[in-house]
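Respectively, the protein sequence lines represent chains A and B.
Sequential numbering from -1 applies to the first sequence in the numbering used here.
Sequential numbering from -1 applies to the second sequence in the numbering used here.
Positions of the beta carbon are idealized from the N, C-alpha and C atoms, including for glycine.
Number of protein chains: 2
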Amino acid sequence: MNEFELIRQLCANLPVNDSVVIGAGDDCAALDLGLSDTLLLLKTDAVVEGIHYHSDADPARIGRKAINRCLSDIAAMGGVPTAAVITLGLPAKFEFPYVQALYAGLNQAAQDAGVAIVGGETTTNPDRVLISVALIGTLPKTVAAKRTGAQPGDAIFVTGELGGSQAGKHLDFIPRLTEGRWLVQNFDIHAMKDLSDGLAGDLPRLLERTGAGAELLAHAIPISRAARLRAATGSPQPAAANGPTHPPTRPQATRVPGGALGAALADGEDFELLIVLPAKQAVPLLDAWKKEFPALPLTCIGKVRPEPGVTLRDKEGARPLPAHGYVHFE
Amino acid sequence: MNEFELIRQLCANLPVNDSVVIGAGDDCAALDLGLSDTLLLLKTDAVVEGIHYHSDADPARIGRKAINRCLSDIAAMGGVPTAAVITLGLPAKFEFPYVQALYAGLNQAAQDAGVAIVGGETTTNPDRVLISVALIGTLPKTVAAKRTGAQPGDAIFVTGELGGSQAGKHLDFIPRLTEGRWLVQNFDIHAMKDLSDGLAGDLPRLLERTGAGAELLAHAIPISRAARLRAATGSPQPAAANGPTHPPTRPQATRVPGGALGAALADGEDFELLIVLPAKQAVPLLDAWKKEFPALPLTCIGKVRPEPGVTLRDKEGARPLPAHGYVHFE
């Protein structure tokens, strides 16, 4: 049983109550606690030594990554983050300067996003460091109402460039909070997700709700310089000592394109925004984006289709894209 | 550096923002998100295989414990829990029925408390199971305002009986949500805490805010039958196979009384409520409590004093009680 089958099974029986507007399965849960026009967002995420980062990675960058992963999910909802609590699992013999540096990273990333850290839990996790972050935020109810799911004909956009995670971006990415908020305030965002598991893994999950499919244009996918460099030098190893430990081998390497395009589709941990909105808003979006965020690329990479499944079109035609990014427990 | 020194150091530099009413250090954080008369509570807690439970413990009971620990903190605020998210760290080769049973326990305990589980994160934690729960709830602002901290002369109460954790209660305790809510609605609760680390550890932390001290009456402390039985048979081992793995040895055994009283003071994980309120409310509280909760003992165990430090008075006189319960990372 892999990670996603496990999650699907577990999600089937979760208890709910009247407060739940969006439950398990989306980027964040959304709850109605009686605020007249606002929903509460709730999200948790974790990083584990040796799984999400090498043991010799800079602890301040690890701390930043731990909180920025959660912030990236709030960004994907177009929400505003408010406060976080941290669970820190530590081997019994930890070094205080290391923990201080971890927290310096957590604190800095929180502060950059205007987030308070309001508590936590320290516990022994004898064999390795584990950091679990839970974060709350807010979202206008009007924004949640526009999130109808991907509709056939919708345009698919992505921010930034993809494929650079193994060269270090997985530790140093900036959650797209300002951009996510601006997007939901100014456009009818039907669906949005942060790219944590790779386009080939995340896009099918974004389409799941409405049962739609998509066609991606291979030549349109924005590939990062780091991914091109790694592909050109043929390096199978992370270019930086601080690269992530996963995927140690890419099980889907035989099924998705290799090289730089393969990295952009499947390496995961880009933490860019994957955006679905009505096709008629595509050009206005590109125009407004260039004025608002001139330094950050925004690229239309394909469109939503009524038939399920994701295809990748290149000069040789269209072929199915296997729905795999990084998967725990395969 | 032990756990509490670590936490103190880390708490000194946490980022805050305007939403924070109660930050790190109390049982739960409390946030003002603009609800007219309600604060939001946020709490996280974790259990780790081999630290908080034996590997052969019943997974459904482990799941219950994981969420009930957080619920116990909401109870100690007098709050109402709303929704939870779960981080589940699993070895790569997990057995699905085991995870199903863990979740059955999580779901049941959540449902019993009216709590929705609205998401989570599964990750590899290669060497052992780790469950981190984050929980939100609500609290009337009027209740938070009465929480002024322990004042000299205040009476100290405890619910239930203490010292039974190692005989199994640490897995099967019931969070005192109804009682906590009733207490804050009907009395001027100056301070309240759930007993997770033992009376000898938790009382000093409850007094910290106002710098007060306390005198406990040894003969008044309600000792559980399980603790008396274990002391009578001289069993140094958990009576049940599912007993907690901690404390494997009790480092403070030489400093606090041994036997059943020692267990009641220092074993921890009783998850009863420790309550501080004005002395003039002590008798009305006892009267009202007997009518409202006839099956659950409520005992006055001492009083708050102006001088710092906790003393334990028995027939031989009063002596200082060392401020130790269970401590990670000693």
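Practice task
Within the same chain, show all residues whose beta-carbon is closer than 8 Å to that of residue 301 of chain A, passing over the 5 residues directly before and after it, in chain order.
Solution key: Counting only Cβ-Cβ distances below 8 Å, and skipping sequence neighbours, we find 151, 152, 153, 154, 212, 213 and 277.
**Prompt:** Just curious, the beta strand (DSSP E) that residue 130 of chain A is in, first and last residue?
**Reply:** Taken as a continuous stretch (DSSP letters only), the beta strand (DSSP E) holding residue 130 of chain A covers 128 to 138.
**Asked** From the beta carbon of residue 155 of chain A, is the nearest beta carbon of chain B less than 8 Å away?
**Response** no
- C-beta neighbour in chain A for residue 27 of chain B, strict 8 Å: yes
key: Minimum C-alpha distance to residue 71 of chain B - residue among B:186, B:121 and B:178   = Closest option to residue 71 of chain B, Cα to Cα, is B:178.
Does the beta-carbon distance from residue 67 of chain B to residue 30 of chain B come in below 8 Å?
Not a contact, by the Cβ cut-off of 8 Å.
What are the start and end residues of the alpha helix (DSSP H) that includes residue 71 of chain B?
-> 57 to 75
Going along chain A in order, which residues have a C-beta closer than 8 Å to the C-beta of residue -1 of chain B?
94
Worksheet item: On the three-state DSSP scale, how would you describe residue 305 of chain B?
Response: Residue state, collapsed to three classes: coil.
Note down, in chain order, each residue of its chain lying with its Cβ closer than 7 Å to the Cβ of residue 201 of chain A, except the 5 sequence neighbours on either side.
212, 272 and 308
Other residues of its chain near residue 146 of chain A: CB distance less than 6 Å, five sequence neighbours each side excluded: 188
Local conformation of residue 150 of chain B per DSSP, three classes | coil
Worksheet entry | Partner residues on chain A for residue 128 of chain B, Cβ-Cβ distance less than 7 Å | 87, 123 and 128
Query raised in the report: Would a C-beta distance cut-off of 8 Å place residue 76 of chain B and residue 137 of chain B closer than the cut-off?
Result: yes
Of the residues A:283, A:281 and A:219, the one placed nearest residue 258 of chain A, counting alpha carbons only
A:219
Practice problem: Can you grab the Cα-Cα spacing for the pair residue 247 of chain B / residue 265 of chain B, in whole Å? | Solution: The predicted model places residue 247 of chain B with a pLDDT of 35, which falls under 50 and marks its position as unreliable; any figure quoted below should be read in that light. Their backbone Cα atoms lie some 10 Å apart in a straight line.
- State the CB to CB distance for the pair residue 103 of chain A and residue 61 of chain A, rounded to an integer number of angstroms; the pair is presumed to be in contact (CB under 8 Å). Right, the Cβ-Cβ distance comes to about 3 Å (below 8 Å), so this counts as a contact.
query = Where residue 315 of chain A and residue 216 of chain A are concerned, what is the direct C-alpha to C-alpha distance, given to the nearest angstrom?
reply = 10 Å
Beta bridge counterpart(s) of residue 47 of chain A as assigned by DSSP = A:51
Determine, for residue 326 of chain B, whether the minimum Cβ-Cβ distance to residues of chain A falls below 8 Å. Its pLDDT being 48, under 50, residue 326 of chain B is placed unreliably by the model, and nothing is read from it.
Fill in: C-beta neighbour in chain A for residue 43 of chain B, strict 8 Å
yes
Query - N- and C-terminal bounds of the alpha helix (DSSP H) containing residue 231 of chain B - result: Taken as a continuous stretch (DSSP letters only), the alpha helix (DSSP H) holding residue 231 of chain B covers 223 to 231.
- With DSSP as the reference, label residue 191 of chain B as helix, strand or coil. strand
* Per DSSP, residue 213 of chain A forms a beta bridge with which residues? -> A:301 and A:309
- In chain A, what lies closer than 8 Å to residue 13 of chain B by C-beta? Here the neighbours are 105, 108, 109, 113, 114 and 115.
Could you tell me the alpha carbon to alpha carbon distance between residue 141 of chain B and residue 148 of chain A, rounded to whole angstroms? Rounded to whole angstroms, residue 141 of chain B to residue 148 of chain A spans 45 Å at the Cα level.
Here's the rule: buried if 16 or more other CB atoms are within 10 angstroms of the residue's CB, otherwise exposed. What is residue 185 of chain B? buried
**Item:** Within 8 Å, strictly: CB atoms of residue 81 of chain B and residue 40 of chain A
**Value:** yes
Item to complete: Give every residue of the same chain whose Cβ lies closer than 7 Å to the Cβ of residue 238 of chain B, excluding the five residues on either side of it in the sequence, and list them in chain order.
Response: Residue placement at residue 238 of chain B is flagged as unreliable, the pLDDT there being 39, under the threshold of 50; the coordinate-derived value follows with that caveat. Contacts found: 165 and 166.
Legend entry - Boundaries (first-last residue) of the alpha helix (DSSP H) holding residue 257 of chain B: 257 to 264
Give a yes or no on whether the C-beta atoms belonging to residue 12 of chain A and residue 115 of chain B are separated by under 8 Å.
Between residue 12 of chain A and residue 115 of chain B, the C-beta spacing is below 8 Å.
Alpha-carbon to alpha-carbon, residue 229 of chain B and residue 6 of chain A = 47 Å
Residue 17 of chain B touches chain D at which residues, Cβ-Cβ below 8 Å? Absent here is chain D; the protein component of the structure consists of chains A and B.
Check your understanding: What's the call for residue 244 of chain A, buried or exposed, on a 16-neighbour Cβ count within 10 Å?
Key -> With a pLDDT of 47 at residue 244 of chain A, under the threshold of 50, the modelled position of that residue is not reliable, and no figure is offered here.
inquiry  = My output table needs one value for residue 145 of chain A: the three-state DSSP class, helix, strand or coil.
reply    = coil
Requested in this report: Locate the alpha helix (DSSP H) running through residue 177 of chain B, then write down its first and last residues.
Outcome: 175 to 184
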